[in-house]
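Comments concern the structure below.
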């Protein structure tokens, strides 16, 4: 039976958030940059909390902190792209993780189906329509319906593990 409207109990006062963060940092994740364009102005943010939700219909989701300065523009645009970063794009991930400034200066990109910026040199991307948003703790979970996916099979992904960027070893990549 599906339960909805559940509320998590408050954390106990002695909960060790540093240990929690350390343990979760041991989970290797990919790195993405979520982009959108509103009134011709591009915006974007670095995101490691990205996932596939459903094949039918094709849905993905990402989590963003409620204090994000970039996400309100993505929400207002109503369409976005998730750019899956390649192993040589750690500097790009760092630049888009910063708040403020023109993150697109010197960055190659183009527009296709949704008008959201598609960054050059990525492993792939999915262009989406924003269909749902859920407040969860100190984050928002944004759900998008994929309207255009594209992959670049020769690129290896950028990974994040224990607070650092990394790449797959040559022996771990498969065709």
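Residue numbers (this note's numbering): 1021 to 1195.
Cβ coordinates follow ideal geometry from the N, Cα and C atoms, glycine included.
Residue 1149 has its alpha-carbon roughly 6 Å from the corresponding atom of residue 1098.
Remark: C-beta atoms of residue 1129 and residue 1140 approach each other more closely than 8 Å. The Cβ atoms of residue 1069 and residue 1137 do not sit closer than 8 Å to each other. With a beta-carbon spacing of about 19 Å, residue 1127 and residue 1146 fall beyond the 8 Å limit used to define contacts. Under DSSP, residue 1052 forms a beta bridge with 1067 and 1104.
In this structure the segment 1077-1088 does not touch the segment 1032-1042; the number of beta carbon pairs closer than 8 Å is below three. Sixteen is the threshold: since fewer than 16 other Cβ atoms of the shown chains lie within 10 Å of the Cβ of residue 1173, the residue is exposed.
Residue 1072 and residue 1059 have their C-alpha atoms some 28 Å from each other.
For residue 1078, the uninterrupted beta strand (DSSP E) run begins and ends at 1078-1085, by DSSP.
Using a Cβ distance threshold of 8 Å, residue 1177 and residue 1106 count as a contacting pair. Counting the other Cβ atoms within 10 Å of the Cβ of residue 1033 gives fewer than 16, which makes it exposed. For residue 1080, same chain residues with a beta-carbon under 8 Å away, outside a window of 5 residues either side, are 1070, 1071, 1072, 1073, 1102, 1146, 1148, 1163, 1164 and 1166 in chain order. Residue range 1159-1171 is occupied by the beta strand (DSSP E) that includes residue 1170.
Rounded to whole angstroms, the separation of the alpha carbons of residue 1159 and residue 1077 is 24 Å.
Under the DSSP assignment, residue 1188 falls outside any alpha helix (DSSP H); it carries neither an H nor an E label. Shortest Cα-Cα distance from residue 1187 to any of 1051, 1152, 1134 and 1062 involves 1051.
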